[in-house]
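Participant:
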Amino acid sequence: MIITTMVVLFIALFISLVRYINGKTIWEKLLSLNLMSIKVLLLTTVYSIYREDLFLLDTSVTFAIVSFLVVVLLARFILEGGRTK
Amino acid sequence: MIIISNILLVLSWILIITGLIGIGRFDSLYSKLLTGSKIDTAAVILILLAMILRVELLSFQLKLFIILAFLLITSPISNHMIAFSAYFSGIEIKERDYDS
Chain R
1 MIITTMVVLF
11 IALFISLVRY
21 INGKTIWEKL
31 LSLNLMSIKV
41 LLLTTVYSIY
51 REDLFLLDTS
61 VTFAIVSFLV
71 VVLLARFILE
81 GGRTK
Chain G
1 MIIISNILLV
11 LSWILIITGL
21 IGIGRFDSLY
31 SKLLTGSKID
41 TAAVILILLA
51 MILRVELLSF
61 QLKLFIILAF
71 LLITSPISNH
81 MIAFSAYFSG
91 IEIKERDYDS
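Chain order of the listed sequences is R and G. So that you can map any letter, position 26 of the first sequence is 26 in the numbering used here, and since no number is skipped, the others follow by simple counting. So that you can map any letter, position 3 of the second sequence is 3 in the numbering used here, and since no number is skipped, the others follow by simple counting.
1. Please check if any C-beta of chain G sits within less than 9 Å of the C-beta of I78 of chain R.
2. By DSSP, does E28 of chain R sit in helix, in strand, or in coil?
3. Suppose the cutoff is 7 Å on Cβ atoms and the five residues either side in sequence are ignored; what does the same chain contact list for L33 of chain G look like?
4. Beta carbons nearer than 8 Å to chain R: which residues of the region 40-55 of chain G have them?
5. With a 10 Å radius around its C-beta and 16 neighbouring C-beta atoms as the bar for buried, classify R19 of chain R as buried or exposed.
6. Locate the alpha helix (DSSP H) running through F91 of chain G, then write down its first and last residues.
7. Compare the C-beta of L35 of chain R against all C-beta atoms of chain G and say whether one is closer than 9 Å.
Shown next, in the form of structure tokens:
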């Protein structure tokens, strides 16, 4: 049951990657990046429960903080005008 | 406990597949943001609750609860920042934008 969850998350991650490559505007790419980061985080958490490894959950906490900062700072950077300003 | 955890995992599969179909079907950016944020937050809650019910040690449960609380705070903020950036950069809101 827990292996099937990992397979479903991996397929969803792949479809989100295709949608990231085919995105028209930069905000659709940012949305797909957010979805991809959440799916990678869930995949790491489920894999750490599957292996019963306590210290792999620290990686998950760190990834949550980094992905939140990436999305928020990129959105602010695009709103301020990007590199063309 | 394992049976309840398995039921929550099956519900989370249904939610993830529904979110992917919804993001593919909608046309506008704001509809995609709405479905993506709702479905993804629900799937995160279900999967992490299933993992909390599945393990027995207290340290695992505390760390999973910390991850769940952090995601519940920060996931709406990041979606709101994407919508804020798109709206003030000049993308307009359409009236009817489904099933183009």
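A virtual CB, placed ideally from N, CA and C, is assigned to each residue, including glycine. Since the model is a prediction, treat every value here as computed from it, not as a measurement.
Facilitator: So, from the data block:
1. So, interface residue.
2. The answer is helix: DSSP assigns E28 of chain R an H, G or I state.
3. N79, I82, A83
4. D40, A43, V44, I47, L48, M51, R54, V55
5. buried
6. Going by the sequence as given, residue 91 of chain G is Ile instead of Phe. Per DSSP, I91 of chain G belongs to no alpha helix (DSSP H) and is neither H nor E.
7. Using a Cβ-Cβ cut-off of 9 Å, L35 of chain R counts as an interface residue toward chain G, since at least one Cβ of chain G sits closer than that to its own.
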